[in-house]
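Q: Mind looking over this structure? Questions follow.
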Amino acid sequence: MGSAPKTSAYLRTEEAPLLPPPISMVGIQGWVLANLFPTIGNGIVSIVAGAFLLWMGWGILDWAIFSAAWSGDNREVCAAEGAGACWPFVQSRFAQWIYGFYPIDQRWRVNICFIIGAAALVPMLMPSMPHKKWNALFLLIAYPLITLILLTGGHFSITPAGFLNAVIILALAATFLPLLAFGIEEGIQSNRFGLGLAGFGILVWLASFVIGSSVWHSGLGSFSPGSIAAAVFIGAGGIFGIIQLRGTGSGAQAWRNWLIGSAVLLGLMLILKFDFGLEPVETSQWGGLLVTLVVAVTGIVASLPLGILLALGRRSNMPIVKTFSVVFIEAWRGVPLITVLFMAAVMLPLFLPEGVNFDKLMRALIGVALFSSAYMAEVIRGGLQAIPRGQYEAAQALGLSYWKMMSLIVLPQALKIVIPGIVNSFISLFKDTTLVSIVGIFDLLQIVTTSSNDAKWASPQTGTTAYFTAALIFWIFCFSMSRYSVFMERRLETGHRR
Amino acid sequence: MAAPAKMPKTGDVPAIQITNMNKWFGQFHVLRDINLTVYKGERIVICGPSGSGKSTLIRCINRLEEHQKGDILVDGIALTNDLKKIDEVRREVGMVFQHFNLFPHLTVLENLTLAPIWVRKMPKKDAEAAAMKYLERVKIPEQALKYPGQLSGGQQQRVAIARSLCMNPKIMLFDEPTSALDPEMIKEVLEVMVDLAESGMTMLCVTHEMGFARQVANRVIFMDMGQIVEQNAPEEFFSNPKSERTKLFLSQILH
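Top line first, the protein sequences correspond to chains A and B. The first sequence begins at 0 in numbering that gives the first Met the number 0 and counts up one residue at a time. The second sequence begins at 0 in numbering that gives the first Met the number 0 and counts up one residue at a time.
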């Protein structure tokens with residue numbers, strides 16, 4: 000042991016100087032050296048890959064621009080030997096790709112929808128713009144209404160019986176208001192009488208369907224003694240429910256919400272019924288990018304909230320809610336979208352009672368929305384599972400209720416984690432809208448396919464150019480979503496540390 | 000200096016009354032026949048070996064855990080399945096966790112004002128003023144606009160204490176507040192807790208900081224195997240433990 004070197008004491012007497020980084024780390028030269036040619040092998044790969052990219056890029060540029068035909072009235076310019084992209088064809092058909100068979104003199108309605116949509120969406124997406132709440136309300140409530148009326152022409156046939164049905168539903172809701180305001184047990188206790196009346200009313204109403212003779216048969220679209228009696232009973236139940244709310248803070252709040260809800264529902268019905276003097280346009284005349292956007296936006300907007308509810312339901316402690324969510328999600332995820340669309344377009348009308356008939360596009364929309372919400376639910380569930388238990392406990396310990404805990408603490412974090420997954424779903428949904436062509440709806444891709452078969456323009460380049468354009472349109476939308484999600488991810492990064 | 004430690008006298012007002020309380024995790028009987036009355040203004044330290052049920056006991060007091068038998072009365076409110084009662088209790092009882100559990104997506108200030116605004120319906124301005132007051136009390140007002148991820152462990156725990164205080168709780172529960180901290184940060188958190196104790200807050204504290212127990216507690220409770228084995232004033236508890244299990248435990252943690 001005696002030969003082991005002694006550790007010598009050491010004391011630094013001078014500061015080590017701060018030096019600039021070596022030349023290989025700075026400037027273009029440093030970057031190229033460090034990233035493209037760090038070793039001979041990597042250098043060769045860089046050169047080969049670079050050459051390939053140049054060759055590809057030149058090929059596309061040459062086809063799309065230098066050799067392309069830019070003007071002409073028919074196939075001749077495009078059928079020439081060695082011709083590139085056939086742009087005159089795209090030019091002559093582009094409007095149709097956007098609007099489908101929407102009447103040409105009515106296209107301004109579609110344009111207005113596009114413009115309002117863009118004008119409302121852009122400030123919504125920019126975090127620095129103020130009044131997010133009103134912007135969101137406009138986009139989610141007013142805008143769909145405006146588009147619905149503008150695109151279809153409005154003037155929906157809502158019968159007086161339809162209004163009666165709405166009033167019955169509102170009265171029914173009023174019957175249950177005390178339960179909302181005072182909690183379930185106390186609420187039932189305080190409005191036993193009203194609930195009884197309403198329950199009896201519902202029985203009468205249902206009975207009037209079942210008995211179904213010509214006198215009693217009410218259906219949803221006509222008056223009958225049955226439905227009128229039901230309305231009287233349920234209405235009385237609702238009035239009793241409202242009376243119970245008097246003089247309490249939570250009661251007043253429930254009453255106010257009910258009033259707003261009723262006004263909105265009846266107002267919506269009146270607006271939809273109102274004749275704005277617009278020429279009606281059947282949804283079968285819609286097509287092209289318009290249909291693609293309608294289907295995609297509806298699917299995206301509906302699938303997020305539905306997906307959140309389903310994901311929460313699947314993690315709920317309540318067995319019935321949980322079972323419902325699991326069955327719903329697994330049923331929709333287990334079938335191909337094409338099957339869903341066929342069911343919606345072909346099978347569903349067979350099950351519906353005679354005379355009840357709703358729009359084919361509408362059915363496809365509902366199918367797409369429910370289908371994508373099942374996928375969305377699983378994406379969001381992944382985010383929910385990543386939130387540590389401590390977050391729930393801290394929220395509970397502060398006295399937050401379930402919905403406040405979820406909406407203020409858990410979901411903001413969970414959704415942020417799964418932004419890539421959510422946007423992935425959105426993008427895949429956007430492209431899946433092309434499947435609606437299977438049930439005879441003319442989306443962008445379908446209308447591009449159809450129009451490129453036109454004999455007037457038949458040439459080797461017609462179809463290629465048409466599909467290239469369609470691909471470019473899809474790519475612009477999908478790539479924008481992708482970039483925006485990257486931007487949001489960065490913006491929401493708050494230096495998590497768990 | 001803390002008020003002189005004293006054992007409760009008759010005539011004090013009870014803040015928490017736990018009688019014959021039992022709890023199971025599945026088949027495992029985790030809390031056995033717990034009887035404990037905490038009086039207003041008392042500062043109680045609960046210690047014991049790991050797995051003895053200390054944390055579970057205080058988590059039962061604000062219903063983060065559900066007990067199966069016996070009664071818990073917090074500020075006169077019985078804890079049952081009634082959600083309204085649970086929320087009432089949670090509004091009055093603050094809790095500080097071992098791992099802070101701050102909300103990472105909110106700034107420090109937002110962490111503090113969230114519950115006052117959404118649960119107590121306090122106007123935002125008032126909530127922020129109160130929050131700044133408590134941040135000053137825990138000595139980090141300059142961190143208000145940072146995110147929790149940018150703070151050190153000790154600072155995060157002080158924010159967590161301030162967050163609980165913003166709800167004006169009558170009772171504070173501490174679940175091993177210093178166990179996840181580096182040694183040099185323990186002191187700053189303990190200082191805040193001592194300050195709180197001196198202000199007369201009713202405190203239940205699961206901790207192994209025996210110095211803290213000696214300084215501020217007026218009762219030390221020793222738990223083992225889901226039971227309260229011994230409780231006494233800190234002087235007596237440390238100098239003259241009665242049960243063998245307490246002696247063994249103390250010999251292991253006090254060197």
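Backbone N, C-alpha and C fix where the C-beta goes; we use that ideal spot for every residue, glycine too.
Should the region 294–312 of chain A be called in touch with the region 429–448 of chain A, which here means at least 3 C-beta pairs below 8 angstroms?
A: Segments in contact, yes.
Q: Relative to the C-alpha of Thr282 (chain A), which residue among A:Leu414, A:Phe199 and A:Thr146 is closest?
A: Taking the first sequence and counting its residues from 1, the one referred to as residue 282 (chain A) is at position 283. Answer by Cα proximity: A:Thr146.
Q: Select from A:Thr468, A:Phe341 and A:Ile168 the residue whose C-alpha is nearest the C-alpha of Ala235 (chain A).
A: Your numbering for residue 235 (chain A) matches position 236 in the first sequence. Residue A:Ile168 is the option with its Cα nearest to Ala235 (chain A).
Q: With respect to 8 angstroms, is the separation between the Cβ of Val118 (chain B) and the closest non-hydrogen atom of the ligand GDP below this value?
A: This structure simply doesn't include the ligand GDP, nor any ligand for that matter.
Q: One question on the structure: do Gly286 (chain A) and Tyr466 (chain A) come within less than 9 angstroms of each other, judged by their Cβ atoms?
A: Within the first sequence, the letter at position 287 stands for residue 286 (chain A). Within the first sequence, the letter at position 467 stands for residue 466 (chain A). Result no, Cβ atoms of Gly286 (chain A) and Tyr466 (chain A) do not sit closer than 9 angstroms.
Q: Show which residues of chain B have a CB atom less than 7 angstroms away from the CB atom of Gly182 (chain A).
A: Here residue 182 (chain A) refers to the residue found at position 183 when the first sequence is read from its first residue. In chain order: Lys83.
Q: So, does the CB of Ser400 (chain A) fall closer than 9 angstroms to a CB anywhere in chain B?
A: Working through the first sequence from its first residue, we reach residue 400 (chain A) at position 401. Cβ-Cβ to chain B under 9 angstroms: yes for Ser400 (chain A).
Q: Which one or two residues does DSSP pair with Thr322 (chain A) in a beta bridge?
A: In the first sequence, counting from the first residue as 1, residue 322 (chain A) sits at position 323. The partner list for Thr322 (chain A) (beta bridge, DSSP) is empty, contrary to what the question assumes.
Q: For chain B, check one thing: does any of its Cβ atoms lie closer than 9 angstroms to the Cβ of Gln90 (chain A)?
A: Locating residue 90 (chain A) in the first sequence gives position 91, counting from the first residue. Not an interface residue.
Q: Taking Cβ to Cβ, would you say Leu262 (chain B) is nearer than 9 angstroms to Pro13 (chain B)?
A: In this structure chain B extends from 0 to 254, so residue 262 (chain B) is not present and cannot be described.
Q: What does a CB cutoff of less than 8 angstroms around Asp358 (chain A) pick up in its chain, not counting 5 residues either side in sequence?
A: Sequence index remark: in the first sequence, residue 358 (chain A) carries index 359 (1-based). Cβ within range, chain order: Thr282.
Q: For Arg362 (chain A), count the other beta carbons within 10 Å of its own beta carbon; 16 or more makes it buried, fewer makes it exposed. Which is it?
A: Counting from one through the first sequence, the residue named residue 362 (chain A) turns up at place 363. It counts as buried.
Q: Whose CA, out of A:Pro419, A:Leu277 and A:Val166, lies closest to the CA of Gly266 (chain A)?
A: In the first sequence, the residue the question calls residue 266 (chain A) occupies position 267. Gly266 (chain A) has its Cα closest to that of A:Val166, out of A:Pro419, A:Leu277 and A:Val166.
Q: Can you tell me which of the three DSSP states Trp215 (chain A) falls into?
A: Along the first sequence, read from residue 1 onward, the residue named residue 215 (chain A) stands at position 216. Caution is warranted here: a pLDDT of 43 is assigned to Trp215 (chain A), below 50, making its placement in the model unreliable, and no coordinate value can be reported.
Q: For Leu244 (chain A), I'd like the list of residues in its chain whose CB is within less than 8 angstroms of its CB, leaving aside the five on either flank, ordered along the chain.
A: For this step, residue 244 (chain A) is matched to residue 245 along the first sequence. The residues are Leu176, Pro177, Ala180, Gly250, Ala251, Ala253 and Trp254.
Q: I'd like to confirm the pairing. Which residues does DSSP put opposite Asp174 (chain B) in its beta bridges?
A: Locating residue 174 (chain B) in the second sequence gives position 175, where the first residue counts as 1. In DSSP, Asp174 (chain B) forms a bridge with B:Val205.
Q: Which class does Pro224 (chain A) belong to by DSSP, given the choice of helix, strand or coil?
A: Translated into the one-based positions of the first sequence, residue 224 (chain A) becomes position 225. In the structure shown, Pro224 (chain A) sits in a helix (DSSP, three-state: H, G or I).
Q: Per the DSSP calculation, Met94 (chain B) is bridged to which residue(s)?
A: Taking the first residue of the second sequence as position 1, residue 94 (chain B) is located at position 95. Bridge partners of Met94 (chain B): B:Leu172.
Q: Residues of chain B with a CB under 9 angstroms from the CB of Gln412 (chain A): which are they?
A: If you number the first sequence from 1, residue 412 (chain A) lands on position 413. The answer, in chain order, is Phe102, Pro103 and His104.
Q: Determine the direct distance from the alpha carbon of Trp107 (chain A) to that of Ser213 (chain A), and round the result to whole angstroms.
A: Here residue 213 (chain A) is taken as the residue at index 214 of the first sequence, counted from 1. Here residue 107 (chain A) is taken as the residue at index 108 of the first sequence, counted from 1. Only weak support exists for where Ser213 (chain A) lies, its pLDDT of 48 falling under 50; the coordinates are left without a value.
Q: Tell me, to the nearest whole angstrom, how far the beta carbon of Val188 (chain B) is from that of Gly153 (chain B); I am working on the premise that it is less than 8 angstroms.
A: Within the second sequence, the letter at position 189 stands for residue 188 (chain B). Within the second sequence, the letter at position 154 stands for residue 153 (chain B). About 6 angstroms separates the two Cβ atoms, so the contact holds.
Q: Measuring alpha carbon to alpha carbon, tell me which residue in B:Ser49, B:Asn80 and B:Gly75 is nearest Glu64 (chain B).
A: If you number the second sequence from 1, residue 64 (chain B) lands on position 65. The shortest C-alpha separation from Glu64 (chain B) is found at B:Asn80.
Q: Suppose you measure from the CA of Ile337 (chain A) to the CA of Met317 (chain A); what does that come to, to the nearest Å?
A: Working through the first sequence from its first residue, we reach residue 337 (chain A) at position 338. Working through the first sequence from its first residue, we reach residue 317 (chain A) at position 318. Whole-angstrom Cα-Cα distance: 33 angstroms.
Q: Over what stretch of residues does the alpha helix (DSSP H) that includes Leu464 (chain A) continue unbroken?
A: As a position in the first sequence, residue 464 (chain A) is number 465, starting the count at 1. First, the residue type needs correcting, since residue 464 (chain A) is Thr and not Leu in the sequence shown. Residues Pro459 to Leu491.
Q: Which of the three DSSP states, helix, strand or coil, is assigned to Asn80 (chain B)?
A: As a working mapping, residue 80 (chain B) is identified with position 81 in the second sequence. Note: Asn80 (chain B) maps to coil in three-state DSSP.
Q: So, is the C-beta of Asn61 (chain B) closer than 9 angstroms to a C-beta in chain A?
A: Here the question's residue 61 (chain B) lines up with position 62 in the second sequence. Answer yes: the Cβ-Cβ gap between Asn61 (chain B) and chain A drops below 9 angstroms somewhere.
Q: What is the residue span of the beta strand (DSSP E) that Thr18 (chain B) lies within?
A: To locate residue 18 (chain B), count along the second sequence from 1; it is residue 19. Unbroken beta strand (DSSP E) run through Thr18 (chain B): Pro13 to Phe24.
Q: Taking the continuous beta strand (DSSP E) assigned at Lys145 (chain B), which residues delimit it?
A: Here the question's residue 145 (chain B) lines up with position 146 in the second sequence. From DSSP, Lys145 (chain B) is part of no beta strand (DSSP E); its letter is neither H nor E.
Q: List the residues of chain B that Ile408 (chain A) touches, going by C-beta distances under 7 angstroms, in chain order.
A: Against the first sequence, residue 408 (chain A) aligns to sequence position 409. The answer, in chain order, is Phe102.
Q: May I ask you to list, following chain order, the residues of the region 375–395 of chain A that have a beta carbon less than 7 angstroms from some beta carbon of chain B?
A: Result list: Gly389, Gln390, Glu392, Ala393 and Gln395.
Q: Could you tell me the alpha carbon to alpha carbon distance between Gly182 (chain A) and Leu303 (chain A), rounded to whole angstroms?
A: Taking the first residue of the first sequence as position 1, residue 182 (chain A) is located at position 183. Taking the first residue of the first sequence as position 1, residue 303 (chain A) is located at position 304. Approximately 29 angstroms between the Cα atoms of the pair.
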